[in-house]
Every structure is written in structure tokens, then in C-alpha cells.
Amino acid sequence: MIRSILYATDLGLYASYVLQHALALSRSFNADLYVVHAVEPMGLFAESVLQTYLDEETLGELRRNGLGTVMASIEQRVLEGFRDELGDGQQDLELICAVRVLQGDPPAVILEEAQKLGVDLLVVGSHSHGADLAVPLGRTAARIVQLSEAPVYLVPMLQHRGHGDL
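Laid out in C-alpha cells, this is it:
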């Protein structure tokens, strides 16, 4: 029985396509739908730039409060994007129980959130935006399929491939 679903999004080009699958599954099973978006950690270059221009106290304050504010802002923008995208389908928006934006390696963040929520199904796209569609499966999707304890509903990004590619 599927009672809860985690939709992992990269907020990229195909996100609305994958969202439609997640919403349809949620409606079909009358399941709670959770959304997670993983933000890659700040790179060494960005960290060094901040260290160059900010004193230690300000940098510490930014790490403690700034990141949380940025993540909350992204969560709000994701919800607003869903509202705009769904237009007349506002009842679909009510299917979404929570949107979480978390920092870390995307496969690890998604799997950890799935385990924490105890979801019955994960919904992911086969590739992220800008990925080479000649590659059978993107890095994040491959890791999730390999390591997930819950079933994975994988949405293929085949709309840009020719039928001769099969």
C-alpha cells in the first residue's frame, strides 16, 4: 500500500513533467506527497571568497543564519512555482504536505529524507536538466535506484530522443 510519496526535484527543465507523475500517483493512491530539492554544498572557491571578504564573526553568522534563510526562501519559491505551474489545479497543490530544500549531495539528501519520512515510494526523473540524454541514467537517479530501500518510480526523459535511438 502506498501512503506516502517523496518527489525529488532538481527544479530543472523536466521538473514539471516529473511533478505531474508524482501528483497523479498521489491522487491515485490518496497518498501524502513530500517534495525535496537538494542544493549542492558551497564549493571551496566560494568558501575562500567569503573568507577573503568577511571577518570570522560575520562568516560564522552567515553560516548559522544566512543558509537557513536562503533555504527557506528557495522553499517558498518552489511552492510559488508549483502554484504558477498548476494554475487551475490548485487542489493538486493541497496534495503536497511539505517542501524541503536541503544542502548536501543530492542522492544522499534524497535517500536520507526518504528514510526519515518513511515514504513508500520515491519519484525521480532519469536525468537532470542539461544532462546528456545519451547516458542511460543520470548520477543521482542511478544512486537512488541502487541504494533506495523504497521502490523508485523513475520518469524517463525520452521526449528529446529519436525513436531510432532505441
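Quick note, this note's numbering runs 70 ahead of the 1-based positions in the sequence shown. Cβ atoms here follow ideal geometry from the backbone N, Cα and C, with glycine treated the same way.
**Request:** For Glu183, count neighbouring Cβ atoms within 10 angstroms of its own Cβ and tell me buried if that reaches 16, exposed if not.
**Result:** Around the beta-carbon of Glu183, 16 or more other beta-carbon atoms lie within 10 Å, marking it buried.
**Asked** Looking at the structure shown, is Gly195 part of a helix, part of a strand, or coil, going by DSSP?
**Response** It is a strand residue.
**Prompt:** Which term fits Pro221, buried or exposed, when burial requires 16 or more other beta carbons within 10 angstroms of its beta carbon?
**Reply:** When all chains shown are included, Pro221 counts as exposed.
**Message:** Any contact between the stretch 74 to 94 and the stretch 178 to 193? By contact I mean 3 or more CB pairs, one from each, below 8 Å.
**Reply:** Remark: three or more beta-carbon pairs, one from each stretch, lie closer than 8 Å, so the stretch 74 to 94 and the stretch 178 to 193 are flagged as touching.
**Request:** Report yes or no: do the stretch 89 to 109 and the stretch 161 to 175 share at least 3 C-beta pairs separated by less than 8 Å?
**Result:** Cβ pair count under 8 Å is three or more, so yes.
**Request:** Counting only runs of 3+ residues fully inside the stretch 99 to 146, write out the beta strand (DSSP E) ranges in chain order.
**Result:** Fully enclosed beta strand (DSSP E) runs of 3 or longer: 102 to 109.
**Prompt:** Is Val179 near Met141, with beta carbons less than 9 Å apart?
**Reply:** For Val179 and Met141, no; Cβs fall outside 9 Å.
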